[in-house]
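Per our numbering, the sequence shown starts with residue 155, numbered consecutively.
Note that beta-carbon positions come from the ideal geometry of N, C-alpha and C, so glycine has one too.
A quick note: this is a predicted structure, and the numbers were derived from the prediction, not measured.
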Amino acid sequence: MRTIYFILALILASLNMRPAITSVAPLLDTIQQQLGMSGLASSLLTTLPVLCMGIFAPFAAKISQKIGLEKAIFLSLLLLTAATAVRGITGSVIVLIVTAFLAGIGIGIAGPLLSGFIKQYFPTRPGFVSIYSVSMSLGAGIAAGLSVPIYNSAGQNWGFALASWAVLGVAALTFWIKLALQKRTEVTAAKARLPLKNKRAILVTLFFALMSSMFYSVTAWIAPIVQDMGYSKSTAAAMLTVFTFIQIPTSMLLPTLVAKFGRLTTVLVACSMLELAGIGILLAGLHPLPAALLLGIGAGGLFPLALMLPIVETDSPQEASAWSSMNQGGGYILAAIGPLAVGAISDMFGSFYPALLVMAGVVVAMAAVQLLLKKHGRAIE
């Protein structure tokens, strides 16, 4: 198969890694009102996928060992697509929660294995992780930006708006079925083991947890936060779209620049400080546009660099998958606390202000972990 085919397969799979989550966020207030859900209950719609991504990511390498890397990715995409499509059948709390759970399983298995896919098919191009992260950001942004227009054009049917993103899954499956049938990257049991005793792997997992906690908290709640500040639903959805789309150029440039020039820790800490500045703007009650831009640029830099670490630290696609399974497994489990905590704190205080203070503390802790990563050495100087 030609290299372009592998690149297209990577792009299409990556496009599906976020719409099941980000399509919910701009419609969350509407879903809450129509179904009578509390802030804590509605936060499950974004928390459950993240939690499942954490719980099932450690199994990704083992599943790949059993059936092969390509087939494991194909089946996880199939599960994710089916879960997304089912959301259009009936608008109920149970359906939403079950599909959030199943989507999380699909993403949790596919996510780490895509790092192994990059290591397998592009072994000398770790900067290709930018294709992965840019495509993820693009999928997230399209879902965030178009879910409300689709909802309006479908007669205000939020179930249809959520289910419409299964189209991306169908497109990906048409490419991956050929890979699943014709390719099989073998994985040995030894290389499928999680690096549980590796101190650097543990630090990277903690960094991934704090980074993801911020990302999913902002993704889930920036629209309700902006609405709580007195802005309209369309403005709130636009801020989520800005947050998501500004990540695309950042995700495209930073991994390539860091792979070529180094300065990893400096870039990581700088991205964290941008996120901290964005939270500060929201705390000050200023216009949310600069906040969305700063938060998006910060997230757009942090996420692809977190994905790059397992690729540059390992020697094989199997090890890269194992590292990613541990990082995304432990990281997403801890990250799932973020959106849930924001919902719980806002319910408790009747305001997002205390939750924003906690989010600022998370960013400071993340910067501290990034400095520890430098102290323990790194693959990219």
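Kindly list the residues whose CB is nearer than 8 Å to the CB of residue i, restricted to its own chain and excluding five residues on each side of it in sequence; keep chain order.
i, result
"S479", "A211, P212, F213, A214, A215, P266 and L348"
"A326", "A163, L166, A167, L169, N170, L231 and T235"
"A424", "G455"
"P403", "G454"
Who are the near neighbours of residue i in its chain, counting only those whose CB is closer than 6 Å to its CB and skipping five residues on each side?
i, result
"L437", "L510"
"V302", "P180 and A391"
"F457", "S287"
"K273", "I465, P471 and A474"
"F536", "Since the displayed the chain opens at 155 and closes at 535, residue 536 lies outside it and no answer follows."
"G242", "G313, F314 and A317"
"A540", "Look at the range of the chain in this structure, 155 to 535, and you will see that residue 540 is not part of it."
"F255", "L202 and C206"
"E224", "L333, A334 and K337"
"L527", "L357"
"Q186", "S196"
"Q482", "A211, G265 and P266"
"A237", "T253, L256 and A257"
"G450", "F397, I400 and Q401"
For residue i, which of the options has the nearest alpha-carbon?
i, options, result
"A390", "V204, G504, A374 and G452", "A374"
"T420", "F369, Q482, L525 and G309", "L525"
"P277", "A495, I465, K528 and Y507", "I465"
"G208", "I296, S405, A264 and L430", "A264"
"V240", "I227, K225, A257 and G384", "A257"
"V412", "A498, F397 and M462", "M462"
"L292", "M393, I304, T176 and I433", "T176"
"I487", "V204, W477 and G270", "V204"
"L189", "Y159, L268 and I251", "I251"
"A446", "L527, M368, F361 and K528", "M368"
"F282", "L407, S505 and K387", "L407"
"I499", "H441, L300 and S371", "S371"
"K351", "M393, M383 and A476", "A476"
"F506", "P444, L428 and D382", "D382"
"A489", "L360, F329 and L268", "L360"
"I158", "I491, F329 and N306", "F329"
"G484", "F362, Y385 and A495", "F362"
"M427", "I331, R417, G222 and G455", "G455"
"M502", "R172, G492, S192 and G434", "S192"
"D183", "S388, E429, I304 and H441", "S388"
"G434", "V512, K220, Y275 and T410", "V512"
"T395", "I491, S269, L443 and S405", "L443"
"D469", "K220, G270 and R156", "G270"
"I331", "G452, A495, L229 and R279", "L229"
"M393", "L422, H441 and S405", "H441"
For residue i, does the three-state DSSP call read helix, strand or coil?
i, result
"A533", "Because A533 carries a pLDDT of 48, less than 50, the predicted location of this residue cannot be relied on, and no value is offered for it."
"K337", "coil"
"A167", "helix"
"P472", "The residue you asked about is not Pro; residue 472 is Gln in the sequence shown. Residue state, collapsed to three classes: helix."
"S426", "helix"
"M513", "helix"
"F506", "coil"
"F191", "A small fix is needed here, since residue 191 is Met in this sequence, not Phe. Reduced to three states, the DSSP call for M191 is coil."
"G242", "coil"
"I161", "helix"
"G450", "helix"
"V523", "helix"
"V178", "coil"
"W477", "helix"
"A460", "helix"
"I400", "coil"
"A597", "Summary: the structure shown does not reach residue 597, with the chain confined to residues 155 through 535, and so no result is reported for it."
"G439", "coil"
"G416", "coil"
So, at 7 Å on beta carbons, what are the nonlocal neighbours of residue i in its own chain, with the 5 sequence-adjacent residues on each side left out?
i, result
"I161", "I285"
"L364", "V516, A519, M520 and V523"
"L233", "L256, I259 and G260"
"A308", "F314 and A315"
"A533", "Caution is warranted here: a pLDDT of 48 is assigned to A533, below 50, making its placement in the model unreliable, and no coordinate value can be reported."
"I217", "A226 and I263"
Should residue i be counted as a contact of the ligand FAD given a C-beta to heavy atom distance under 6 Å?
i, result
"V288", "You won't find the ligand FAD in this model; it holds no ligand whatsoever."
Practice item. Would you mind listing the alpha helix (DSSP H) stretches within the region 324-396 that are 4+ residues and don't spill past its ends, in chain order? Key: 353-382
Review point. Taking contact to mean at least 3 C-beta pairs separated by less than 8 Å, is the region 322-333 in contact with the region 194-206?
Key: no
Review point. Does the region 239-257 come close enough to the region 366-386 to have 3 or more Cβ pairs within less than 8 Å?
Key: no
**Study point:** Minimum length 3: unbroken beta strand (DSSP E) runs contained in the region 251-317
**Key:** none
**Study point:** Complete runs of the alpha helix (DSSP H) confined to the region 205-231 [at least 4 residues]
**Key:** 214-221
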